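Read left to right, the sequence shown gives residues 1 to 477 (the working numbering).
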Amino acid sequence: MAIDVDGLIRRIREAGGDTTEIEVKSAAGGLPASLTATLSALANQPGGGMVILGLDERAGFRPVGLGDPQALKQGLAAKARTFTPPVQLTISDALVDGRPIIVAHVHECDRSAKPCRVSATGAAFIRGFDCDYALSDVEEQGFLAARQAPHFDRRPVEDAGLDDLDGDLVAVFLATVRDRDPSGLGRFDDDGELLRRAGVMLPSGHPTVAGLLALGVHPQQWFPRYVIQVAAEPRVGDPGRARARNQIVLTGAIPRMLDGAVLWARRTFDTFIVDEPDGTVRDRPAYPIVAFRELIANALVHRDLDHWSEGRAVEVRLRRDRLVVTNPGGLHGITVDRLGRDHVTSARNSRLVAICQHARSSPTGGRVIEALSTGIAVVNEALRGYGLPPAHFVDSGIQFTAVLHRQAAPPPGLTATEARVYGALGGDRSRTAIELADELALSPANVRKNLRALAGRGLLTQFGGRGRPTVYRRSGA
Numbered sequence: 001m002a003i004d005v006d007g008l009i010r011r012i013r014e015a016g017g018d019t020t021e022i023e024v025k026s027a028a029g030g031l032p033a034s035l036t037a038t039l040s041a042l043a044n045q046p047g048g049g050m051v052i053l054g055l056d057e058r059a060g061f062r063p064v065g066l067g068d069p070q071a072l073k074q075g076l077a078a079k080a081r082t083f084t085p086p087v088q089l090t091i092s093d094a095l096v097d098g099r100p101i102i103v104a105h106v107h108e109c110d111r112s113a114k115p116c117r118v119s120a121t122g123a124a125f126i127r128g129f130d131c132d133y134a135l136s137d138v139e140e141q142g143f144l145a146a147r148q149a150p151h152f153d154r155r156p157v158e159d160a161g162l163d164d165l166d167g168d169l170v171a172v173f174l175a176t177v178r179d180r181d182p183s184g185l186g187r188f189d190d191d192g193e194l195l196r197r198a199g200v201m202l203p204s205g206h207p208t209v210a211g212l213l214a215l216g217v218h219p220q221q222w223f224p225r226y227v228i229q230v231a232a233e234p235r236v237g238d239p240g241r242a243r244a245r246n247q248i249v250l251t252g253a254i255p256r257m258l259d260g261a262v263l264w265a266r267r268t269f270d271t272f273i274v275d276e277p278d279g280t281v282r283d284r285p286a287y288p289i290v291a292f293r294e295l296i297a298n299a300l301v302h303r304d305l306d307h308w309s310e311g312r313a314v315e316v317r318l319r320r321d322r323l324v325v326t327n328p329g330g331l332h333g334i335t336v337d338r339l340g341r342d343h344v345t346s347a348r349n350s351r352l353v354a355i356c357q358h359a360r361s362s363p364t365g366g367r368v369i370e371a372l373s374t375g376i377a378v379v380n381e382a383l384r385g386y387g388l389p390p391a392h393f394v395d396s397g398i399q400f401t402a403v404l405h406r407q408a409a410p411p412p413g414l415t416a417t418e419a420r421v422y423g424a425l426g427g428d429r430s431r432t433a434i435e436l437a438d439e440l441a442l443s444p445a446n447v448r449k450n451l452r453a454l455a456g457r458g459l460l461t462q463f464g465g466r467g468r469p470t471v472y473r474r475s476g477a
């Protein structure tokens, strides 16, 4: 396969470090020991990844000069055979600034053989953004469960009955089905028969997992961690010992948790007063609510429902520079690079998806999902309207993460610290060097050095002096 080496180098330089898909090693003294974990993690990752040997991250990813590239390639090939199953590599030579590097494409391990383990120890690893972590026993169960088609949403909840369904949610569900699908599911006049044929109830009188999650009074009675945990990072100026703000756990059926998450976002996201093109002045949250709602709905409906994941919640973390939504269970039937591009409908929990198409929290409430594979496109369109970069998605195979960034990507060529300082001055925010040092946990001297470098490139403007505090702002802001 042809590898765009220039594009790879540009990506890691702009990111300021390794990425989920790319790991860089200098390998100046030979193959590093940490490569063992990296090869296992990338083989376990959907789509695999890349290992680049011969670049020094501390020097801005400049080539270090490999003493014996041929020996390194042979060593890579030999190491690949020390895994079960063996790691499949495609190894290529390349030049950066006229000096040799090695690029190894690590192919994804077949799903039926995951997790890829180190043969000598039995250890397996998973990728977490730019790091490799040993699989826990619970995560290993997730890989094993993914070897077969999931039907966990169809299981009966043995000690639950019709009375454990929310009457209001059921009434809206029945009315919506009969209105939107009158010649299909909606043609059954008997409510009980309709609920059985929809997969909400079973002939035994027990609700299914899907029925209880979508329409239950309190599904957490049986599934305590099928919740949404939300929290925001403390703001600058919050008490020094503050760990989080607006931290809550949202419970209830999926439509009610979704409404609760949207309400939390409206109360927690920073809000700006903006001029619209039509001349009106509106309050605008830092992130588009419609994008947040789509991500939460997807997380709730597509989370893994197998036994291994019962202790894990959907998590929302609002950080100063990004919003992160994570749910247990990787993508099913589609890859990250096709999200928002191909209109492919693929559901891990097909019964739950079908029910949630008609579930509403009230007669006038919005639908939970539309199941037309347009949600990601809606997310990115809303982000474009806010001048924000597209959502970033990470699929580890047993966990799916969506990240919304507060500001557009920093200009290319910045060091990792310069990018952090530049990002902290997003929008029209002004900061002193001391404020930046506190916010970024850097020394004031380090911050000032990076401020000078950014100002020298024309990216920042300095204001103040002569008795007034010196503040910095992005040029043109």
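Backbone N, C-alpha and C define an ideal beta-carbon position, used for all residues, glycine too. None of the values given here were measured: they were computed from a predicted structure.
{"Asked": "Exposure of residue 63, with buried meaning 16 or more beta-carbon neighbours within 10 Å", "Found": "buried"}
{"Asked": "Cβ-Cβ distance between residue 398 and residue 311 below 7 Å", "Found": "no"}
{"Asked": "Contact the segment 95 to 108 vs the segment 62 to 76: 3+ CB pairs below 8 Å", "Found": "yes"}
{"Asked": "Continuous alpha helix (DSSP H) stretch holding residue 356: start and end", "Found": "350 to 356"}
{"Asked": "Pairwise C-alpha distance: residue 12 and residue 38", "Found": "16 Å"}
{"Asked": "Cβ-Cβ separation, residue 403 to residue 392 (assumed contact under 8 Å), whole Å", "Found": "4 Å"}
{"Asked": "Of the residues 82, 322, 94, 20, the one placed nearest residue 480, counting alpha carbons only", "Found": "The structure shown does not extend to residue 480, since the chain is modelled only from 1 through 477, so no value can be given for it."}
{"Asked": "Boundaries (first-last residue) of the alpha helix (DSSP H) holding residue 143", "Found": "137 to 145"}
{"Asked": "Whole beta strand (DSSP E) elements within the segment 371 to 443, 3-residue minimum", "Found": "392 to 395, 399 to 405"}
{"Asked": "Residue 162 versus 190, 134, 212, 282, residue with shortest Cα-Cα distance", "Found": "212"}
{"Asked": "Reduced DSSP secondary structure (H/G/I, E/B, other) of residue 57", "Found": "helix"}
{"Asked": "Residue 105, DSSP secondary structure in three states", "Found": "strand"}
{"Asked": "Helix, strand or coil at residue 199 [DSSP, three-state]", "Found": "coil"}
{"Asked": "Nearest-angstrom Cβ-Cβ length linking residue 253 and residue 205, presumed shorter than 8 Å", "Found": "Actually they are not in contact, since the Cβ atoms of residue 253 and residue 205 sit about 19 Å apart, beyond 8 Å."}
{"Asked": "Continuous beta strand (DSSP E) stretch holding residue 220: start and end", "Found": "Counting along the chain, residue 220 falls outside any beta strand (DSSP E), and DSSP gives it neither H nor E."}
{"Asked": "Proximity below 7 Å, CB of residue 306 to CB of residue 145", "Found": "yes"}
{"Asked": "Among 156, 192, 187, 157, the one whose alpha carbon lies nearest that of residue 170", "Found": "192"}
{"Asked": "Residue 114, DSSP secondary structure in three states", "Found": "coil"}
{"Asked": "Local conformation of residue 229 per DSSP, three classes", "Found": "strand"}
{"Asked": "Burial state of residue 173, where buried means 16 or more other Cβ atoms lie within 10 Å", "Found": "buried"}
{"Asked": "CB of residue 234 within 7 Å of CB of residue 245, strictly", "Found": "yes"}
{"Asked": "Spatially closest choice to residue 349 from 446, 363, 214, by CA coordinates", "Found": "214"}
{"Asked": "Residue 179, enclosing alpha helix (DSSP H) - first and last residue", "Found": "167 to 180"}
{"Asked": "Same chain only: Cβ atoms within 6 Å of residue 359, ignoring 5 sequence neighbours per side", "Found": "173, 214, 255, 368"}
{"Asked": "Range covered by the beta strand (DSSP E) that runs through residue 323", "Found": "322 to 328"}
{"Asked": "Bridge partners - residue 124, DSSP secondary structure assignment", "Found": "117"}
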